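Colleague: So for the sequence shown, my numbering puts the first residue at 8; every next one is plus one.
Here a beta-carbon is modelled for each residue, glycine too, at the ideal position from N, C-alpha and C.
Keep in mind that this is a model prediction, so the values were computed, not measured.
Below are the structure tokens for one structure; questions will follow.
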Amino acid sequence: MIGIGLLAPSEPRLTEPTEHEIKALATRASRHDGEAFSLLYRMYSAQVFTFISFRVSNREDAEDLAHTVFEKALAAIGRYQPKPAQFSTWLYTIAKNCIIDHYRKRRLPVDNDVEPETAAGEDPYGDPERRILMEERKRTLREALSDLTPDQREVVECRFFFELSIQETAEAMNRTEGAVKALQFRALENLHRLLTEDTLF
């Protein structure tokens with residue numbers, strides 16, 4: 008049985024790997040190579056947690072879901088095929104489905120805008136003033152994202168939270184690369200307008 012060996016969500020990502028290296032690791036992991044899966048975990052754990060924590064307001068829930076994503080990935084890695092889906096796209100799909108399941112179990116809308124909260128007595132940012140500032144920024148960005156179309160919002164999540172490439176985002180959304188570029192342009196344009204308007208009041 009391969010062990011995940013979970014690291015803290017803040018674990019820094021390793022040096023940016025090449026696409027060839029990721030495919031090689033994913034292929035090894037699909038053959039139940041524990042070391043290869045652990046390396047993939049270290050490469051992607053931070054961005055998975057960042058993506059989930061923006062969609063799930065409670066930090067403890069976000070940590071549990073990030074753990075669940077890699078548990079599901081570990082359980083399914085033997086069926087993973089490097090083609091057509093790239094590993095990051097495959098992992099994004101698992102993370103997205105985990106978030107949807109999380110809200111369905113609680114009978115809440117997926118685009119829940121509950122204010123960020125932390126477990127009792129926990130201060131994830133260390134400095135209370137920094138925590139307040141970061142939560143306010145997250146709230147402002149969450150509100151702006153909620154005003155985008157679903158496709159525009161997903162492009163932003165794929166590109167900037169999950170750090171997928173244009174090609175990977177196109178695969179995840181079942182769109183052409185040209186369509187993704189157009190959606191990203193409109194999304195960033197709208198976000199800039201919405202965030203600028205927010206600073207005026």
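#1: Between Gln54 and Phe192, which are expected to be in contact by the criterion C-beta below 8 Å, what is the C-beta distance as a whole number of angstroms?
#2: Can you tell me the Cα-Cα spacing of Arg200 and Gln88, whole angstroms?
#3: So, does the stretch 28–45 touch the stretch 71–86, judging by three or more C-beta pairs under 8 Å?
#4: Alpha carbons only, please: which of Phe94, Ile59 and Leu171 is nearest the one belonging to Arg149?
#5: Among residues of its own chain, excluding the 5 on either side of Gly128, which ones have a beta-carbon nearer than 6 Å to its beta-carbon?
#6: Spell out a yes or no on whether the stretch 177–191 and the stretch 62–79 are touching, meaning 3 or more CB-CB pairs, one atom from each, closer than 8 Å.
#7: Classify Asn181 as helix, strand or coil using the three-state DSSP reduction.
#8: Can you tell me whether Leu202 is buried or exposed, with buried defined as 16 or more other CB within 10 angstroms of its CB?
#9: For Glu26, count neighbouring C-beta atoms within 10 Å of its own C-beta (all shown protein chains included) and say buried if the count is 16 or more, exposed if not.
#10: Under a three-way DSSP split, which group does Arg160 fall into?
#11: The alpha helix (DSSP H) with Phe94 in it runs from where to where?
Modeller: So, from the data block:
#1: A Cβ-Cβ separation of about 23 Å leaves Gln54 out of contact with Phe192 under the 8 Å criterion.
#2: Here the alpha carbon of Arg200 sits roughly 41 Å from the alpha carbon of Gln88.
#3: Result yes; three or more Cβ-Cβ pairs closer than 8 Å.
#4: Of the residues Phe94, Ile59 and Leu171, the one whose Cα lies closest to the Cα of Arg149 is Ile59.
#5: Summary for Gly128: the model assigns pLDDT 40, below 50, so the residue's position carries little reliability; its value from the coordinates is reported in the next sentence. So the list is empty, once near-sequence residues are dropped.
#6: No, they do not touch.
#7: Secondary structure of Asn181 (DSSP, three-state): coil.
#8: Counting the other CB atoms within 10 Å of its CB gives Leu202 a total below 16, which places it among the exposed residues.
#9: Exposed, since its Cβ has fewer than 16 Cβ neighbours within 10 Å.
#10: In the three-state scheme derived from DSSP, where H, G and I count as helix and E and B as strand, Arg160 is classed as helix.
#11: Phe94 to Lys112 is the span of the alpha helix (DSSP H), which, as asked, contains Phe94.
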